[in-house]
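Peer 1:
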Amino acid sequence: MICENCRQREATIRYVQLLNGAKKVRNLCPACLKEIDPEHYAAVFEKESPFANLLSGLLGITSDGERTQQFKEMSQIVCPTCGTTYEEFTKDNVFGCEDCYSVFGPLIGDKLKNIQGNVTHTGKHPLGREKVRERTASDVTGELTAAERISLLEFRLKEAVAEENYELAAQCRDEIRALKAQEEGK
Amino acid sequence: MMKWYEDPESQEAVLVSGRVRLERNIAGLPFPSRLSADQAEELVKESEHRLLPLLKTQDAGYTFSRLDKMTQGLRGSYREKKILNESLTRITRPSALIVNESETGSIILNGEDHFRLQSFGRGQDLAKIYDRVNELDDLVNKEYDYAFDDKYGYLTSFPTNTGTGMRAGVLLHLYTISSNPPFRRMVMEMARFGITVRGIYSEENMGSLYEVCNHKTLGQSEKEIIDLVNRVSMQLSGQEKRVRESILKTKRLEKTDEVYKSYGILRYAKRLSLKEAMMYLSTLRFGVCEGVVHLKTPVNLFGLMMGVQPMNLQQYGGDTQDWPAVRAAYIQARLPELTD
Chain A
212 MICENCRQRE
222 ATIRYVQLLN
232 GAKKVRNLCP
242 ACLKEIDPEH
252 YAAVFEKESP
262 FANLLSGLLG
272 ITSDGERTQQ
282 FKEMSQIVCP
292 TCGTTYEEFT
302 KDNVFGCEDC
312 YSVFGPLIGD
322 KLKNIQGNVT
332 HTGKHPLGRE
342 KVRERTASDV
352 TGELTAAERI
362 SLLEFRLKEA
372 VAEENYELAA
382 QCRDEIRALK
392 AQEEGK
Chain B
91 MMKWYEDPES
101 QEAVLVSGRV
111 RLERNIAGLP
121 FPSRLSADQA
131 EELVKESEHR
141 LLPLLKTQDA
151 GYTFSRLDKM
161 TQGLRGSYRE
171 KKILNESLTR
181 ITRPSALIVN
191 ESETGSIILN
201 GEDHFRLQSF
211 GRGQDLAKIY
221 DRVNELDDLV
231 NKEYDYAFDD
241 KYGYLTSFPT
251 NTGTGMRAGV
261 LLHLYTISSN
271 PPFRRMVMEM
281 ARFGITVRGI
291 YSEENMGSLY
301 EVCNHKTLGQ
311 SEKEIIDLVN
321 RVSMQLSGQE
331 KRVRESILKT
341 KRLEKTDEVY
351 KSYGILRYAK
361 RLSLKEAMMY
371 LSTLRFGVCE
381 GVVHLKTPVN
391 LFGLMMGVQP
401 MNLQQYGGDT
411 QDWPAVRAAY
421 IQARLPELTD
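Quick mapping for you: the protein sequence lines, in order, are chains A and B.
Counting with our numbering, you get residues 212 to 397 for the letters of the first sequence.
Counting with our numbering, you get residues 91 to 430 for the letters of the second sequence.
1. So what's A357(A) in DSSP terms, helix, strand or just coil?
2. Anything in chain A within Cβ reach of E312(B), meaning under 9 Å, just list it in chain order.
3. What are the partner residues of Q228(A), as DSSP defines its beta bridges?
4. Distance cutoff 8 Å, beta carbons only. Does N216(A) sit that close to anything in chain B?
5. If you draw a straight line from the C-alpha of I337(B) to the C-alpha of Q329(B), how long is it?
6. Just curious, the alpha helix (DSSP H) that I421(B) is in, first and last residue?
7. Using 8 Å as the threshold, is the C-beta distance between T429(B) and V382(B) below it?
8. Can a CB atom of chain B be found closer than 8 Å to the CB of E354(A)?
9. Is the beta carbon of A371(A) sitting closer than 8 Å to the one on C383(A)?
10. Give me the Cα-Cα distance between G407(B) and K365(B), rounded to the nearest whole angstrom.
11. Since N304(B) is in the beta strand (DSSP E), which residue starts that stretch and which ends it?
12. Are there three or more Cβ pairs, one per stretch, closer than 8 Å when the segment 327-340 of chain A is compared with the segment 233-249 of chain B?
13. Less than 7 Å between the CB of F283(B) and some heavy atom of the ligand FAD, yes or no?
14. Take T246(B) and list the residues in its own chain whose beta-carbon comes closer than 7 Å to its own, dropping the five residues that flank it on each side.
15. For the segment 175-191 of chain B against the segment 140-150 of chain B, do three or more pairs of beta-carbon atoms, one drawn from each stretch, fall closer than 8 Å, so that the two count as touching?
16. Taking I337(B) as part of the alpha helix (DSSP H), name the residues at either end of that continuous run.
17. Skipping 5 residues on each side, what residues in its chain have a beta carbon closer than 6 Å to that of V106(B)?
18. Consider the Cβ of R109(B): report whether some Cβ of chain A lies at a distance smaller than 8 Å.
19. How far does the alpha helix (DSSP H) with E113(B) in it extend, from its first residue to its last?
20. Should the segment 125-138 of chain B be regarded as contacting the segment 214-228 of chain B, the criterion being three or more beta carbon pairs within less than 8 Å?
21. For T223(A), which three-state DSSP category applies?
22. Following the continuous alpha helix (DSSP H) through A380(A), name the residue where it begins and the one where it ends.
23. Sort out for me which residues DSSP pairs A258(B) with in a bridge.
24. Enumerate in chain order the residues of its own chain whose CB-to-CB distance from I289(A) is below 6 Å, with the five nearest sequence positions on each side excluded.
25. Starting from S372(B), follow the beta strand (DSSP E) in both directions and report where the run begins and ends.
26. Relative to the C-alpha of I316(B), which candidate in D221(B), V398(B) and F205(B) has its C-alpha closest?
27. Can you give me, in chain order, the residues of the segment 204-238 of chain B that have a beta carbon less than 9 Å from any beta carbon in chain A?
28. Run the CB neighbour count on L343(B), radius 10 Å, all protein chains shown included, and call it buried at 16 or more, exposed below.
29. Measuring alpha carbon to alpha carbon, tell me which residue in P241(A), N238(A) and A389(A) is nearest A357(A).
30. Kindly list, in the order they appear in chain A, the residues whose Cβ is closer than 9 Å to that of F283(B).
31. Should I319(A) be labelled buried (16 or more other beta-carbon atoms within 10 Å of its own) or exposed?
32. So if I threshold CB-CB distances at 9 Å, which residues from the segment 114-144 of chain B count as touching chain E?
33. Listing by chain order, which chain B residues have their CB less than 7 Å from the CB of Y226(A)?
34. Using a Cβ-Cβ cut-off of 6 Å (strictly less than) and excluding sequence neighbours within five positions of E138(B), which residues of its own chain qualify?
35. By DSSP's criteria, D437(B) is part of a beta bridge. Which residues make up the other side?
36. Taking 6 Å as the limit between beta carbons, can you name the residues of its chain near E96(B), skipping five residues before and five after?
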């Protein structure tokens, strides 16, 4: 997936903002995250070595046992549905509800990769949630599907309108129409 | 009705048993750790009414019992049979166990996840065991919508279970190869392929019983996982059989002596510690499966190995002052004579 901000580099971070009950999800590359949110970037990425050490660094478990400011901030991340805090999650590694996956998922994405190896489900689907199509080569290489491209373009369209870049907005709109028509024709 | 592990027909030389378990949660409901006591109570009662009749149409032997109200003794017994795990034996929130008489199928309600579906059977039948648990899954899914995400798959309380929510394992009796040094190296190698191999009863790996199990649940399909576990089990089983064959060629008398001595002790001892019982039963199992010794009537020796575990033995009953004595009596009541 390509970074929504620079549209060049690989998006390896899912940046979720919870503000006044509204959830905003953006797929970014590390460089753009650094630009957009330098504080959190530093907190999460400018630490050495594996996630385990990262975690204790975040939790502020220093040699003199003092809790740091970062920990106070991180522990305030809360799942709005079930009330599980990040602190609680790191204690026993248990999610409280399905929404926890969206809330904490970006924070533990790397950890999941270490345990599980691959981060996308390729197995059975429940009743009523059948697979739209079979896994294709592009899923493996990580290229965008039509659906992903459409949502990316919709996001870009909104941004373009906000920036008053109506030319770009029109381009996005046309591309979206074309993709949707293609999908429906299938 | 016989439990599956009491059936002598199930006795294969190396592949002792297989199991597959699936973790599932209901959509739109907090996971068990976040349900209020009232919600949990309601969930347990409701699922009893909705699921038990459906299950009974498949197997009339299904029964329902409250897990949170179950005695520690019975919970321990289920743990020794691998139906419950360690944390489920300590559970206090409203939860339940639905299990059939032969213990081949079970559902745990509101344990670590809303539903834990399990099926057990013969080691060589892993694909069939998966089919059985898959049927259970479809049955429950007809009544309840599952929490599911296209990226993360079936959403579970523990992220280490997410995706397929599936753990598939085959239990192997690695009587000869487990004591060789290369075995440990091989076990570490397997971790790279997402397979764990570990002794099931204790750190000392009593009884030479090892379970081959998948480690990852996300990113592979259910079929891929079953194939992987099967392949590794077959590979280990093949190795074990080759070494057995070689040892019986070069040291047959030595091994025969060991087997007969083990039988003799099991037959006549008045007290047996768990460690002793497991050691001798393991050797006897080897002997019976390799044709070194012959029993008058067939018996499933793995069934005995489970039966002599502390909690299972308690269910059997007897003098509570002297469990080693109860153990010896338990074995003697079940050990057939030798043919001449």
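Ideal Cβ positions, reconstructed from N, Cα and C, are used throughout, including at glycine.
Predicted model only: the values in this text are computed from it and were never measured.
Peer 2: Inspection of the coordinates gives the following:
1. helix
2. Scanning chain A for C-beta atoms nearer than 9 Å to the C-beta of E312(B) yields G334 and K335, reported in chain order.
3. K235(A)
4. no
5. 12 Å
6. W413 to R424
7. No, the Cβ-Cβ distance between T429(B) and V382(B) is not below 8 Å.
8. With a pLDDT of only 48 at E354(A), under the threshold of 50, the placement of this residue in the model should not be trusted; the figure read from the coordinates follows. The Cβ of E354(A) sits no closer than 8 Å to any Cβ of chain B.
9. In contact: A371(A) and C383(A) (Cβ atoms closer than 8 Å).
10. Roughly 20 Å separates the two Cα atoms.
11. L299 to N304
12. yes
13. The ligand FAD is not among the ligands present in this structure, which contains no ligands whatsoever.
14. These residues qualify, in order along the chain: E113, N115, D203, T252 and G255.
15. Contact between the segment 175-191 of chain B and the segment 140-150 of chain B is present, because at least three Cβ pairs lie under 8 Å.
16. Start and end: E312 to T340.
17. G213, L261, H263 and F392
18. no
19. From DSSP, E113(B) is part of no alpha helix (DSSP H) but of the beta strand (DSSP E) over L105 to R114.
20. no
21. coil
22. Bounds of the alpha helix (DSSP H) holding A380(A) are Y377 to G396.
23. V110(B)
24. At residue 289(A) the sequence reads Val, which differs from the Ile that was named. Excluding positions up to five away in sequence, the list reads T296.
25. The continuous stretches of beta strand (DSSP E) do not include S372(B), which lies in the alpha helix (DSSP H) extending over residues L364 to C379.
26. If you compare the alpha carbons of D221(B), V398(B) and F205(B) with that of I316(B), the shortest gap goes to D221(B).
27. N224, D227, D228, N231, K232, D235, Y236, A237 and F238
28. exposed
29. A389(A)
30. Simply none; closest approach about 10 Å.
31. buried
32. The displayed structure is made up of protein chains A and B, and chain E is not among them.
33. Those do not exist, as Y226(A) stays about 16 Å from chain B at its closest Cβ, beyond 7 Å.
34. F154
35. This structure cannot settle anything about residue 437(B), because the visible part of chain B is limited to 91 through 430.
36. N390 and G393
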